[in-house]
Amino acid sequence: MGRAKLAIKKIEDPTACQTTYSKRMNGIIKKAAELSILCNTDVAVIMFSPTGRLTTFSSNGRVENVFLRFFNVPANLRGGFYMPDPENIKTPQQAELHQRIIINALERLKMRREELEISKNNYAQQAESIKIPSKDSEDADMISVDSVDCSKLGEKSKKENVSEPANPEAEEDKMESEASIVANEGHVDFFA
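Sequential numbering of the sequence shown, starting at 1, is according to the UniProt record's numbering.
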């Protein structure tokens with residue numbers, strides 16, 4: 001008969017918490033040791049028990065050496081992505097592994113691209129159905145953007161914003177009188 005799956009939640013009882021920690025701590029260290037042997041990697045584990053006791057494990061010498069090696073790597077190369085060096089591929093198994101990694105990355109990029117295109121189309125559909133108030137009607141009826149010729153709407157608003165003089169001849173007379181006043185003060189008359 002197998003073990004029952006326990007719900008992962010915080011253990012409130014301090015003695016039960018310490019007991020669980022001491023039982024599982026050895027399993028974590030065992031898994032770290034197996035990983036370092038199977039994959040020939042440097043593994044360092046640091047754990048503090050609920051009572052504050054320090055437990056460390058290093059697969060290769062001291063824990064400090066593994067962490068110093070980590071801190072000596074430039075910040076942009078400290079994990080987060082995997083970039084294989086083709087010159088280090090020696091066996092067909094390694095080549096197959098790198099090929100699978102690249103294929104999986106390409107598939108994730110394709111799925112992300114499809115998601116972005118779908119969301120772009122959704123935003124475009126939402127933008128087409130936006131209602132705006134009509135300036136022509138007094139009761140401010142709502143009209144949809146797709147039912148309006150936007151170029152006509154733009155021309156109309158430009159005409160409303162440009163203020164044309166009510167009497168063009170009166171404007172011209174006003175400019176001439178201002179120019180003559182400036183000319184009488186000793187300035188050059190531009191309209192002569």
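The beta carbon of each residue, even a glycine, is placed where N, CA and C say it ideally should be. Predicted, not measured: the structure shown is a model, and the values here were computed from it.
Q18 and A44 have their C-alpha atoms roughly 22 Å apart.
The C-beta of V66 has 16 or more other C-beta atoms within 10 Å across all chains shown, which makes the residue buried.
The beta carbon of L35 is closer than 7 Å to those of T41, V43 in its chain, skipping five residues each way along the sequence.
One alpha carbon belongs to Q93, the other to E87, and they sit about 14 Å apart. Under DSSP, F70 takes part in no beta bridge, so it has no partner. DSSP places L35 in the uninterrupted alpha helix (DSSP H) bounded by 14-39. Listed as beta-bridge partners of I46 by DSSP are T56. By the 16-neighbour rule on beta-carbons within 10 angstroms, S58 is buried.
Straight-line spacing of the CA atoms in E128 and N121 works out to 11 Å.
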